[in-house]
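Quick note on this note's numbering: the sequence shown kicks off at 10 and runs consecutively. Where is the CB? At the ideal position from N, CA and C, for every residue including glycine.
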Amino acid sequence: MGTTANDEMNKFWAKNNKLNRPMSPHLTIYNLAKFGIAFPVSYHTLNGIRHLFWDSGKGFKIPEVYRSGYVVIVLSILTSIAAIAYM
């Protein structure tokens, strides 16, 4: 008599656990797509806040402009990563 379906299933999951495979590997490719959506949204939002500061007359010196630009980029990346981890 051959193996039962339950035995085959147990062998399958034992092999996947031994090889440390994720349960749904095809879903892990969506992280890049989520980042591709989250980054522009967070960048646009944070850059809008930057422009609100400019509207109030703050941060017009060249070093401040560059520094606020770098801060917006770094915060956008961190916010996007946090959004991906949350989803």
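Contact set for residue i: own chain, Cβ-Cβ below 8 Å, skip 5 residues either direction
i: Leu-84; result: Ser-51 and Leu-55
i: Val-74; result: Gly-68
i: Pro-31; result: Thr-37
From the options, residue whose alpha carbon lies closest to that of residue i
i: Leu-61; options: Ala-14, Ser-77, Ala-94 and Tyr-39; result: Ser-77
i: Ala-91; options: Phe-48, Gly-66 and Lys-67; result: Phe-48
i: His-53; options: Lys-27, Thr-12, Ile-82 and Ala-14; result: Ile-82
Contact check, residue i vs residue j, beta carbons under 9 Å
i: Phe-21; j: Ile-93; result: no
Range of the contiguous alpha helix (DSSP H) that encloses residue i
i: Met-96; result: First-last for Met-96: undefined, no H or E at that position.
i: Thr-54; result: 39-64
i: Lys-27; result: 14-27
Cβ neighbour criterion (16 or more within 10 Å) applied to residue i
i: Ser-89; result: buried
i: Val-80; result: exposed
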